[in-house]
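**Q** One structure is given below, represented as structure tokens, and several questions about it will come after.
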Amino acid sequence: MEFRNLMKTPWLAAWMLILLVHPAIAADLRFSNFTNTVVIYTDESMPYWQTADGRRFQVAPRIIVRTHADNSPPLERAHPAINRVQPLFQLGQTHLYLLEIDARPDNLQTVLNALEARPEVAWAQPDLLQQRTPAHASHGVTGGRNTALPALRLNWPVLQQHNRGQGIRIAIIDDGIDLTHPALRQTKVAFAYDIGQRQLDASPQLAADTHGTRVAGVLFAATEGLDQPGLVPDAELIAIRQPDTWTSNTLLAFHLAQLAGADIINCSWHSHGLLQPVADAVSALAQYGRDGRGTAVVFAAGNQGQRITATSSEAAIDAAIVVGMNSPHSNFGPSVDLVLTAAPMRSTAVDGGFAPIGGTSLASSQVTAALALLLARDPRQDLTALLSALQQGASHD
């Protein structure tokens with residue numbers, strides 16, 4: 000298994016030094032998210048913040064800021080409560096920064112207001128933690144679907160006719176990958192990192208960290224113990240363990256995937272709300288990644304059988320490739336780009352075993368593999384051509 004030690008580069012090491020959880024801040028908060036104003040509140044009886052419709056968050060004394068240019072006046076000047084400013088995600092015209100502030104009551108709202116008043120600031124948001132949902136199948140069934148898109152079947156014999164993903168780097172951002180599994184030991188690992196632990200190891204850490212290993216099996220597994228081997232075993236893996244939804248950690252995961260040379264980024268999960276910093280980062284990857292040809296960021300639509308609305312989850316990002324499943328449990332809506340028909344299958348599981356994977360986790364993993372095979376055939380393709388080639392090469396149900 001090959002590891003390229005990107006941490007020898009000092010400026011990359013600096014990206015890793017973003018701090019983790021801080022104490023909660025005792026004040027109501029108001030901030031902008033796209034064209035909406037979000038209000039979250041708490042009181043002494045609640046260990047969390049929430050919106051009027053019941054969405055719950057944790058809040059840290061940190062603020063994420065997008066500026067209009069990378070040579071803007073120092074953000075430290077915006078307010079004396081700002082202790083530190085760090086670059087967080089930089090690509091093309093997208094410049095995102097993390098600001099650490101004094102954890103005193105009312106500081107967060109005061110600093111947010113001061114930042115939003117500055118002409119060089121496009122927007123500012125508190126660093127938030129919200130719930131994440133792996134896109135497991137709800138009941139492991141396929142059948143009817145609740146979308147107007149035609150259901151596609153991918154033609155694997157044709158897609159794999161000339162390659163198995165050689166020369167393509169696929170980033171999996173998930174809850175960890177057990178690369179000691181016998182079927183994954185031969186995986187070509189370009190880079191591995193744990194966002195939560197800040198270490199060069201993406202191994203699962205918690206009992207609940209089971210999803211990423213299944214996704215990796217769909218893509219990279221050898222044949223040991225499986226009826227179907229991985230779809231792109233010759234591709235290279237960028238394994239990023241990102242088990243929470245702190246906005247700053249999600250942005251760091253995307254930035255590390257970009258720095259490690261990801262051609263495709265797989266995100267077979269979604270949170271319970273779309274925040275503008277995440278949408279802006281994905282849009283930048285799609286526009287400026289791969290030297291302007293676009294990095295494909297693949298999101299699972301989710302398995303709640305619900306309509307995807309403008310800010311309901313990351314599956315609403317226009318610049319992402321959003322994948323649904325031909326199933327009544329698949330989420331649906333205008334942001335869904337592809338709907339697949341695929342039966343649940345066995346994949347690799349933590350501690351050397353095997354477990355089923357289905358639903359939009361499987362669908363988005365298979366689309367990730369298909370994009371890698373098409374890209375290996377012609378790396379010059381931009382995202383539009385790549386998605387068109389995938390659709391044209393598939394059969395309709």
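Residue numbers (numbering that gives the first Met the number 0): 0 to 396. We treat Cβ as the ideally placed atom computed from N, Cα and C, and that holds for glycine.
In terms of alpha-carbon separation, which member of Gly91, Pro73, Asn70 lies closest to Gly293?
**A** In this structure, Gly91 is the residue among Gly91, Pro73, Asn70 with its C-alpha nearest to the C-alpha of Gly293.
**Q** Is it right to say Phe190 is buried, meaning 16 or more other beta carbons lie within 10 angstroms of its own, or is it exposed?
**A** Phe190 should be labelled buried.
**Q** Counting only runs of 3+ residues fully inside the stretch 80-154, write out the beta strand (DSSP E) ranges in chain order.
**A** 81-90, 93-100, 120-128, 131-133, 150-152
**Q** In the DSSP assignment, find the unbroken beta strand (DSSP E) run with Arg197 in it and report its ends.
**A** Arg197 -> no beta strand (DSSP E), and no H or E assigned at all.
**Q** Leaving out five residues before and five after His138 in sequence, what residues of the same chain have Cβ atoms less than 7 angstroms from its Cβ?
**A** Any reading at His138 must be qualified, since the residue scores a pLDDT of 40, below 50, and its modelled position is unreliable; no value is offered.
**Q** Give the single residue among Tyr47, Val84, Asn112, Val157 whose Cα lies nearest to the Cα of Ala369.
**A** Ranking the options by Cα distance to Ala369, first place goes to Val157.
**Q** Less than 6 angstroms between C-beta atoms, sequence neighbours within five positions excluded: which residues of the same chain meet that for Cys404?
**A** Here the chain covers residues 0 to 396 and nothing more, so residue 404 does not appear.
**Q** Specify the secondary structure class of Leu189 as computed by DSSP and reduced to three states.
**A** The sequence given here places Ala at residue 189; Leu does not occur at that position. Reduced to three states, the DSSP call for Ala189 is strand.
**Q** Please report how far the alpha carbon of Gln227 lies from the alpha carbon of Ala318, in whole angstroms.
**A** Between the C-alpha atoms of Gln227 and Ala318 there is a straight-line separation of about 31 angstroms.
**Q** Determine whether the beta carbon atoms of Ile39 and Phe56 lie at a separation below 8 angstroms.
**A** Yes, these two residues count as a Cβ contact at 8 angstroms.
**Q** Would you call Gln166 buried or exposed, if buried means 16 or more other Cβ atoms sit within 10 Å of its Cβ?
**A** One point to set straight first is that residue 166 is Gly, not Gln, in the sequence displayed. When all chains shown are included, Gly166 counts as exposed.
**Q** Would a C-beta distance cut-off of 8 angstroms place Gln130 and Leu28 closer than the cut-off?
**A** no
**Q** For Val214, collect the residues of the same chain with a Cβ closer than 7 angstroms to its Cβ; drop the 5 residues on either side in sequence, then sort them by chain order.
**A** Ile171, Asp173, Asn265, Ser267, Ser360, Ser364
**Q** Excluding sequence positions up to five away, which residues of its chain have a Cβ less than 6 angstroms from the Cβ of Asp233?
**A** Same-chain partners within the cutoff: Arg163, Gly164, Gln165.
**Q** Ends of the alpha helix (DSSP H) at Pro60?
**A** It is not in any alpha helix (DSSP H) - Pro60 instead sits in the beta strand (DSSP E) that spans 55-66.
**Q** According to DSSP, is Thr347 helix, strand or coil?
**A** strand
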